[in-house]
Amino acid sequence: DDDLDVGLAFVNATSNASTTKIDRKIKSYDEIEKLQWIDCIFSLLSAVVSTQSGSSFLTGCGLIPALLQIIDLPHPKGKELKDSLRVYLVGQAVQILEAAVINCTAAMTAFGDLMGNEKMV
């Protein structure tokens with residue numbers, strides 16, 4: 002245990018601010034990649050849901066409950082980036098939900114059964 006403490010003390014003493022800046026850049030780059038991936042998934046969902054058969058298939062796979070969970074995300078406190086991400090996610094989810102409801106009556110039924118109208122208000 003003493004060797005581990007000495008090792009950790011050495012790492013803390015020799016790390017400098019530039020390492021921290023690099024770590025922050027890596028973390029922000031990871032966040033950008035995550036956002037790009039989410040945007041691609043939503044674009045794919047939008048394209049598939051725009052057809053009647055695609056909307057019907059995804060409704061059967063649980064799309065409506067998943068979208069309602071996204072719409073029901075809590076507001077993060079004190080974090081502008083996370084709040085803007087939430088607004089983006091909810092906006093995309095509402096658009097996909099609208100397309101699904103328009104193209105598939107089963108989606109409308111699922112939306113009603115899951116009290117979606119209450120979550121939208």
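For the sequence shown, this note's numbering begins at 2 and goes up steadily by one.
Glycine included, C-beta positions come from ideal geometry on N, C-alpha and C.
L64: member of the alpha helix (DSSP H) spanning 64-72, first to last residue. Exposure of C41 is indicated by the presence of fewer than 16 other C-beta atoms within 10 angstroms of its C-beta. In the DSSP annotation of this structure, the continuous segment of the alpha helix (DSSP H) that includes M121 starts and ends at 117-121. One Cα belongs to A100, the other to S56, and the distance between them is close to 8 Å. A distance below 7 Å separates the beta carbons of K120 and I72.
L98 sits away from R87, with the two beta carbons spaced by 7 Å or more.
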